[in-house]
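To start, the structure under review is shown below, and the notes come after it.
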Amino acid sequence: MRDVIGAEKIVPGEYEVIADPTVTGLIAHEAFGHGVEMDMFVKGRALGAEYIDKRVGSDMVTMHEGAKCDESVTAYAFDDEGVLAGDVIEIDRGILKTGICDALAAKRLGTKPTGNGKRENYAHKAYTRMTNTVFDSGADSLDDMIASISYGYLLRGMQSGMEDPKHWGIQCILDRGYEIRDGKLTGKVVSPIVMTGYVPDLLGSVSMASPDRVIEGNGACGKGHKEWVKVADGGPYLKMKARLG
């Protein structure tokens, strides 16, 4: 956090960026959080319903969602409806294959529940909810990612995020960015940063992914302004293009 002292404001624009695992996780959570909870499909409140079996990212993008993706605070064998938990591949090499759903949403949509029926506590009903939402790894080193950028930023540290499932836009508030010029870090730091974008455009620009993957989170996510449950998210370092301000 010392890097933020004396940091400059970023000039708004589109840049080549590298997202560290904390930022990658925030993108995963906001891009494929409520927008692919399939009770939102039932209500007609998520654009993701129109993209099943269609491209939502580059070939570098594969995403997992489920309680068995990681042995963390969000892991479980059965959800709160007694459905066996699993590892759902939501995106397979850029193609959106499925969302996640509780038993009621599954019945209404004529599909099988994915083990994502979760409740805040015994006094609350079960809703379709996220558990671990994670980008898959690649084979590119961070050094190679940095070397490939003529002008852009290495983004680190998430603060908060928002999503618009109906139009599939996201906004991520990030802690800081490290300037890259001609394939090298310059030492210049910018802060704070707001990343915005249309999900298929943002993920369609992903061109590199590192082999290391980090899943973090003992945080909480609400359904609207209530119904809090534990969630986690993460992934590797990802290179992409993004609008920053």
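Note that the sequence shown ends on residue 340 in my numbering; no numbers are left out. Positions of the beta carbon are idealized from the N, C-alpha and C atoms, including for glycine.
Check                                                                                                                                                                                    : Outcome
In the structure shown, what three-state DSSP assignment does alanine 180 receive?                                                                                                       : coil
For aspartate 182, which residues from the same chain have a beta carbon less than 7 Å from its beta carbon, with the 5 sequence-adjacent residues on both sides left out?               : His159, Gly161, Lys163 and Cys164
Evaluate alanine 218 with the Cβ neighbour count: other Cβ atoms within 10 Å of its Cβ, from every protein chain shown; 16 or more gives buried, anything less gives exposed.            : exposed
Give me the residue from Phe136, Gly143, Lys213 and Val137 with the minimum Cα distance to tyrosine 171.                                                                                 : Lys213
Need the endpoints of the beta strand (DSSP E) that arginine 276 sits in, please.                                                                                                        : 264-276
Label isoleucine 105 either buried or exposed according to how many other C-beta atoms from any shown protein chain fall within 10 Å of its C-beta, with 16 as the threshold for buried. : buried
For isoleucine 100, is the classification buried or exposed, using 16 other Cβ atoms within 10 angstroms of its Cβ as the cut-off for buried?                                            : exposed
Which of helix, strand or coil does DSSP assign to phenylalanine 173?                                                                                                                    : strand
What is the C-beta distance between serine 300 and tyrosine 332, in whole angstroms, given that I count them as a contact (C-beta under 8 Å)?                                            : Not a contact, Cβ separation roughly 15 Å.
Answer yes if the region 307-315 comes into contact with the region 224-241, meaning at least three C-beta pairs across the two stretches below 8 Å, and no otherwise.                   : yes
Near aspartate 341, which residues of its chain fall below 8 Å by C-beta distance, leaving aside the five closest residues on each side in sequence?                                     : Shown here, the chain extends from 96 to 340; a query on residue 341 therefore has no answer.
Roughly how many angstroms lie between the CA atoms of glycine 317 and glycine 256, to the nearest whole one?                                                                            : 12 Å
I need the straight-line Cα distance from aspartate 277 to alanine 242, nearest angstrom please.                                                                                         : 7 Å
Between which two residues does the alpha helix (DSSP H) containing glycine 82 stretch?                                                                                                  : As displayed, the chain neither begins before 96 nor continues past 340, which places residue 82 out of reach and without an answer.
Quick check on glycine 233: does DSSP put it in helix, strand or coil?                                                                                                                   : coil
Please confirm if the region 243-251 is in contact with the region 268-288, defined as three or more CB-CB distances below 8 Å between the two stretches.                                : yes
Per DSSP, which one or two residues make a beta bridge with isoleucine 113?                                                                                                              : Leu249 and Lys334
How big is the Cα-Cα spacing for lysine 283 and leucine 142?                                                                                                                             : 38 Å
Which value, in whole angstroms, describes the spacing of the CA atoms of methionine 290 and aspartate 154?                                                                              : 22 Å
Taking buried to mean at least 16 other C-beta atoms within 10 Å of its own C-beta, is aspartate 115 buried or exposed?                                                                  : buried
State the DSSP-derived secondary structure class of valine 285, mapped to helix, strand or coil.                                                                                         : strand
Just the Cα atoms here: how many angstroms apart are valine 326 and lysine 334?                                                                                                          : 24 Å
Select from Met225, Glu132, Lys138 and Ile184 the residue whose C-alpha is nearest the C-alpha of alanine 315.                                                                           : Met225
Can you check which of these residues, His124, Gly329 and Asn216, is closest to glutamate 322 by C-alpha distance?                                                                       : Asn216
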